[in-house]
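If you want the numbering used here, it's the position in the sequence shown, counting the first as 1, plus 2.
Note that the Cβ used here is the ideal one computed from N, Cα and C, for glycine as well.
Small disclaimer: the values here were computed from a predicted structure and weren't measured.
Report on the structure given below.
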Amino acid sequence: MSLDLSGGMGDLDASSVVVDKDLQNFIIQEQQIAQFNAQVHKLTEQCWEKCVTDKLTSRFDGKTETCLTNCVERFIDASVVIAQRFSSIIQKQAGH
């Protein structure tokens, strides 16, 4: 009669890899959420400083609302252009 201890260890290693992969995916997802939140904060801060110059009331006037809309659209457009540029650079570097 012999006792085989290696079978249990193989299972532990495989489940450990699955847990590590799940943890890695969770961390990546949380990093993406944090990056998104940082972008929203930056956008809010920049557009607020630029557009909200009058005393606050319960509603924005038309000028302030238009300024905020334009600011957000420019910020998003700039972010897309920057992301595309970085993607292009990475693809070129990967090709070499």
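Selected residue, minimal CA-CA separation from residue i, among the options
i, options, result
"Leu70", "Asp79, Glu51, Phe38", "Glu51"
"Gln48", "Ser90, Phe77, Ile92, Ile84", "Phe77"
Three-state secondary structure assigned by DSSP to residue i
i, result
"Thr68", "helix"
"Arg76", "helix"
"Gly10", "For Gly10, the predicted model reports a pLDDT of 48, less than 50, meaning its position is unreliable; a value from the coordinates is still stated below. Reduced to three states, the DSSP call for Gly10 is helix."
"Lys94", "helix"
"Arg87", "helix"
Supposed close pair residue i, residue j - CB separation, criterion 8 Å
i, j, result
"Gln41", "Ser81", "7 Å"
Mind the definition here: the segment 57-76 touches the segment 31-49 only if three or more C-beta pairs lie below 8 Å; say whether that holds. Counting C-beta pairs with one atom in each stretch, the segment 57-76 and the segment 31-49 have three or more that are closer than 8 Å, which means they touch.
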